[in-house]
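**Q** Submitted below is the structure of interest, expressed as structure tokens.
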Amino acid sequence: MFKKLPLVTKLVLAIGLVLMIGLGAGSLVISVKSGADTDELSFKVGEELGKYHAAVVERRLNEAMNISRFMGTTVLSMKQQGVVDRDKLSQWLRSLLVANPKLLGVWVGMEPNALDGRDKDFVNAPTGDATGRFIPYWNRVGDKINYQPLSNYEGSGADGFYYNEPKRQKREVIVEPYTYLVAGKNVLMVSLVVPIMEDGKFIGVAGVDIANDEIWNELKVAKPFETGSVFLISNGGAWAAYSNPDHLGKPIMETNQRLKDALPAIREGRTFAHYSVSASLKTEVKQLFVPVVVGSTGTPWSILVNLPINRIEVPKQELTTFIAVGAVLLSTGLLLALWLTSRLVVGQPLRRIVATIGALTAGRRDVEVGDRDRADEIGAINKALQLFKENAGRVAEMEEQRRLDEQRAAELRKQELARMADRFEGTVGGVVANVAQQAEMIRTDSEGLSAIAEQTNAQAAAVASAADVASSNVQTVAAAAEELAHSIEEINQRIAASSRMANDAVGEVEKTNGTVAGLAEAAQKIGDVVNLIQSIAGQTNLLALNATIEAARAGEAGKGFAVVAQEVKNLASQTAKATEEIAAQIAEIQSVSGSAVGAIQAIGRTILGISETVTAVAAAAEEQGAATREISRNVQQAAAGTREVSSNIEGVTRAASETGSMASQARAAADTLSHQSAQLRSEVQRFVATIREG
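Counting from 1, one number per residue, gives the positions in the sequence shown under the UniProt record's numbering.
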């Protein structure tokens, strides 16, 4: 749908959409910010209004407290100066009430005999009661000023609070709203009381009364945001000024439980704010509590300002509506201006461009291209159209020239084709004839080749049969040669073992020969030792003989020595005999050893001869093995050759078969080629005829 719309409409819609989104977002931001600012401003206005009424009430109450102070100071001054006249003092109090029409009453209450010490003189006097104390109370009922003595001043609880509390605290007191009998009528009032102190001693009180209605008359005219309200709350949390008289003097929580959140701030003299539902307005409100400080009582009261949210929202809603309407009107005006501007600046020039393009497309080169002097895109398009128009004329001329060139080229091409047909017919015709002739020759040659292949195949089969027989014989010889080579190899191994054994025997003979030689040498050494022993035995025998002779010469003294000498001689004789036997044995050993050495040497020479013979046999066997292995290798090569011959014969047979097959294929190809050359000759004739026809 959007694609079918005109460009101007698309442009206006796109820009309008962006514009409306931007204006909507901006309006929303402005509305939210303005609403927040409006709320903040409204709350500040409400707070200022609360401060204003708090100041008004505070000033009113402090003025009343000042009157109380003035009364107390005057009474104390008259007492101290000794000029107390109870009647004149009472009349002075009346004059104060007359001079301050907003006061409900003025009064003084003295302790017993505290004023002039004459209470007994004024028992039941007009200025006192049965106690004679000075307790005048002047009050206002309508336009009349009435007098009555104070009552319940010694009472406990709320009845005597106005007197007993200042006495107890010895400081200024603002009494919570209470009901007092005035001229026979209960009146709700507020009292501001000042203690009269003399040298730090309490001697009485001075106070003024303000009717709660009087305070409410000043506050009820205040209408924040037309429907709001302003009330006064005491320090104890009771209504001191309220729209419903039935709630005056009663706790505020009886009206709205949510007001209990404000009690700590009221008692501490702090500003407080929260949202609640007003019982009097029956709507959501923002409640502001502004402290009211009265003298030095230390019990601040509070002004309650109810700001109706629905009325605070009115300026914000009006501002939001104004912004929304303004945004819509602004968007509409801008869209209308944009649409008109787009039609004039873009739409009409584009329509002229479209008309010009249509004329140029239709071939009208006399059309005028306007708006070329513009510096924007429209001017650039028109300049491009003018260039297109000029190029279109040149293109038409070029097209005409091309048509003439193509016509001349066609005539030339037709002539050239005729010449080419002649040349082609002569050339290709000769080639086709030559191909046919060659095909016939190939067919003839292939038939001869087929016959040769068949003959070769038969001869190859005969050769293959003979080669198979030769190969079988060679394989048999090769197997025998292989077995002979294995036998010779085994003989060689056994001869080698015999040679090793002969060598070992020669070595053992040599070792035995050395041992026997060592034995003969040892026997020789033993013979030498035996000879030495024989010599020693001979000498020992001589020594024993000499000892015997000497013993004989000694007589009895030498008998024992003669016995020993005889024993030594016997031992020497035995030793000589033993050594002779040993010498004989050693001589025998030497003789045998000599014979053994000779025999062993003969055995060694025999074994050495055997070893040399075995070595010679081993060498001959090795040569025989080598020859046998050479024979086996040659036989194996011959077997391989016969196998290769058989394989080659098989290759020749396959080649002969393939040659026969290829010859058959060549003959078939030659037949096909002859047939196709005939077809080619026919096609060439048709092609040449077509070319000549042009």
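Glycine included, C-beta positions come from ideal geometry on N, C-alpha and C.
1) Measure how close the beta-carbons of residue 701 and V57 come, nearest whole angstrom, since I'm counting them as under 8 Å.
2) Run through the DSSP bridge pairs and tell me what G204 is partnered with.
3) Rounded to the nearest angstrom, what separates K10 and I21 at their Cα positions?
4) Helix, strand or coil for S234, going by three-state DSSP, please let me know.
5) How would you write the range of the alpha helix (DSSP H) that P349 sits in, first residue to last?
6) Could you tell me whether the region 259-278 touches the region 289-300, using the rule of 3 or more Cβ pairs below 8 Å?
7) Hey, V106 and L93 are a contact pair by Cβ (cut 8 Å); roughly how many whole angstroms apart?
8) Between A25, L5, G24, A64, which lies nearest to V294 when the distance is taken from Cα to Cα?
9) Tell me the rounded alpha-carbon separation between K51 and N62.
10) Which class does F134 belong to by DSSP, given the choice of helix, strand or coil?
11) Once the 5 residues before and after I266 are set aside, which same chain residues still bring their CB inside 7 Å of it?
12) So, helix, strand or coil for residue 711, using DSSP?
13) Can you tell me whether F322 is buried or exposed, with buried defined as 16 or more other CB within 10 angstroms of its CB?
14) Residues in its own chain within less than 6 Å of Y147 by CB, not counting five upstream and five downstream?
15) Which class does S296 belong to by DSSP, given the choice of helix, strand or coil?
16) Return helix, strand or coil for P101, following the three-state DSSP convention.
17) Between Y242, G560, I309, which lies nearest to H274 when the distance is taken from Cα to Cα?
18) Considering only C-alpha positions, which residue in the set V328, F134, E567, P264 is nearest to D116?
19) Drop a sphere of 10 angstroms on the beta-carbon of P245, count the other beta-carbons inside from all chains shown, and report buried for 16 or more, exposed for fewer.
20) Beta-carbon within less than 6 Å of A689's beta-carbon, same chain only, minus the 5 sequence neighbours each way: which residues are those?
21) Could you check the C-alpha separation between S657 and H486 for me, to the nearest Å?
22) In whole angstroms, what is the alpha-carbon distance linking Q80 and E165?
23) Taking just the CA atoms, how far does A384 sit from A327?
24) Starting from A273, follow its DSSP beta bridges and name the residues at the other end.
25) Exposed or buried, which one is N212 when buried takes at least 16 other CB atoms within 10 Å?
26) Suppose you measure from the CA of A554 to the CA of Q524; what does that come to, to the nearest Å?
27) Quick one: grab the DSSP three-state call for L150.
28) Using CA atoms only, rank isn't needed, just tell me which of A337, K389, T332, L96 is closest to I353.
29) Where P251 and N124 are concerned, what is the direct C-alpha to C-alpha distance, given to the nearest angstrom?
30) Using only alpha-carbon positions, find the residue among N256, Q679, L23 that is nearest to A324.
31) May I have the straight-line CA-CA distance separating G358 from A25, to the nearest angstrom?
32) For R86, tell me which candidate among N113, L103, I378 has the shortest Cα-Cα distance.
33) Could you tell me which residues DSSP pairs with K144 in its beta bridges?
34) Locate the alpha helix (DSSP H) running through L219, then write down its first and last residues.
35) Taking the alpha-carbon positions, what's the V474 to R643 distance?
36) Once you ignore the five residues that flank residue 697 on each side, which residues in its own chain have a CB closer than 6 Å to its CB?
**A** Concretely, from the data shown:
1) In this structure the chain extends from 1 to 694, so residue 701 is not present and cannot be described.
2) If you number the sequence shown from 1, residue 204 lands on position 204. Answer by DSSP bridge pairing, in chain order: M110, I196.
3) If you number the sequence shown from 1, residue 10 lands on position 10. If you number the sequence shown from 1, residue 21 lands on position 21. About 16 Å.
4) Translated into positions along the sequence shown, residue 234 becomes position 234. In the structure shown, S234 sits in coil (DSSP, three-state: anything other than H, G, I, E or B).
5) Residue numbering aside, residue 349 sits at position 349 when the sequence shown is read from its first letter. Run containing P349: 348-361, per the alpha helix (DSSP H) assignment.
6) Touching, yes.
7) Locating residue 106 in the sequence shown gives position 106, where the first residue counts as 1. Locating residue 93 in the sequence shown gives position 93, where the first residue counts as 1. The Cβ separation is near 5 Å, so the contact holds.
8) Stepping through the sequence shown from its first residue, residue 294 is reached at position 294. Residue A64 is the option with its Cα nearest to V294.
9) Position 51 of the sequence shown, counted from the first residue, corresponds to residue 51. Position 62 of the sequence shown, counted from the first residue, corresponds to residue 62. It is roughly 16 Å from the alpha-carbon of K51 to the alpha-carbon of N62.
10) Locating residue 134 in the sequence shown gives position 134, where the first residue counts as 1. Here F134 sits in coil by DSSP.
11) In the sequence shown, residue 266 corresponds to position 266, counting from 1. Apart from the 5 residues on each side of it in sequence, I266 sits with its Cβ closer than 7 Å to the Cβ of I233, N235, G237, F289, S302 in its chain, given in chain order.
12) Since the first residue shown for the chain is 1 and the last is 694, residue 711 is missing from the structure and cannot be characterised.
13) As a first step, residue 322 must be located in the sequence shown, where it is residue number 322. Exposed, since its Cβ has fewer than 16 Cβ neighbours within 10 Å.
14) Numbered from its first residue, the sequence shown carries residue 147 at position 147. Within the same chain, Y147 has close Cβ partners W138.
15) Position 296 of the sequence shown, counted from the first residue, corresponds to residue 296. If DSSP states are grouped into helix, strand and coil, S296 belongs with coil.
16) Counted from its first residue, the sequence shown places residue 101 at position 101. It is coil, neither helix nor strand.
17) For the purposes of this step, residue 274 is taken as residue 274 along the sequence shown, with counting starting at 1. H274 has its Cα closest to that of I309, out of Y242, G560, I309.
18) Position 116 of the sequence shown, counted from the start, is the residue given in the question as residue 116. For D116, the closest C-alpha among the options V328, F134, E567, P264 is that of F134.
19) As a first step, residue 245 is located in the sequence shown; it is residue number 245 there, counting from the start. Result: exposed.
20) Counting from one through the sequence shown, the residue named residue 689 turns up at place 689. Taking C-beta separations shorter than 6 Å and ignoring five residues to either side along the sequence, A689 has no partners in its chain.
21) By one-based count along the sequence shown, residue 657 stands at place 657. By one-based count along the sequence shown, residue 486 stands at place 486. Between S657 and H486, the C-alpha separation is close to 45 Å.
22) The sequence position of residue 80 within the sequence shown is 80, counting from 1. The sequence position of residue 165 within the sequence shown is 165, counting from 1. Distance between the alpha carbons of Q80 and E165: 24 Å.
23) As a working note, residue 327 is residue 327 in the sequence shown. As a working note, residue 384 is residue 384 in the sequence shown. When the Cα atoms are used, A327 and A384 turn out to be separated by approximately 42 Å.
24) In the sequence shown, counting from the first residue as 1, residue 273 sits at position 273. Its beta-bridge partners are L288.
25) Here residue 212 corresponds to residue number 212 of the sequence shown, with the count starting at 1. Counting of Cβ neighbours within 10 angstroms places N212 among the buried residues, the total reaching 16 or more.
26) Against the sequence shown, residue 554 aligns to sequence position 554. Against the sequence shown, residue 524 aligns to sequence position 524. Computed Cα separation, rounded: 45 Å.
27) Position 150 of the sequence shown, counted from the first residue, corresponds to residue 150. Looking at L150 - three-state DSSP - the assignment turns out to be coil, as it is neither helix nor strand.
28) Residue 353 sits at position 353 when you count from the first residue of the sequence shown. Measuring C-alpha to C-alpha distances from I353 to each of A337, K389, T332, L96 identifies K389 as the nearest.
29) Taking the sequence shown and counting its residues from 1, the one referred to as residue 251 is at position 251. Taking the sequence shown and counting its residues from 1, the one referred to as residue 124 is at position 124. Roughly 39 Å between the two C-alpha positions.
30) By 1-based counting over the sequence shown, the position of residue 324 is 324. The option with the nearest alpha carbon to A324 is L23.
31) As a first step, residue 358 is located in the sequence shown; it is residue number 358 there, counting from the start. As a first step, residue 25 is located in the sequence shown; it is residue number 25 there, counting from the start. Computed Cα separation, rounded: 44 Å.
32) Indexing the sequence shown from 1 puts residue 86 at position 86. Among N113, L103, I378, the Cα nearest to that of R86 is on N113.
33) On the sequence shown, position 144 is the one that residue 144 refers to. In DSSP, K144 forms a bridge with V141.
34) Indexing the sequence shown from 1 puts residue 219 at position 219. That run of the alpha helix (DSSP H) goes 212-219.
35) Position 474 of the sequence shown, counting from 1, holds the residue named residue 474. Position 643 of the sequence shown, counting from 1, holds the residue named residue 643. Residue placement at V474 cannot be trusted, given a pLDDT of 49 that sits under 50; the coordinates are not used to answer.
36) Since the first residue of the chain shown is 1 and the last is 694, residue 697 is not available in this structure.
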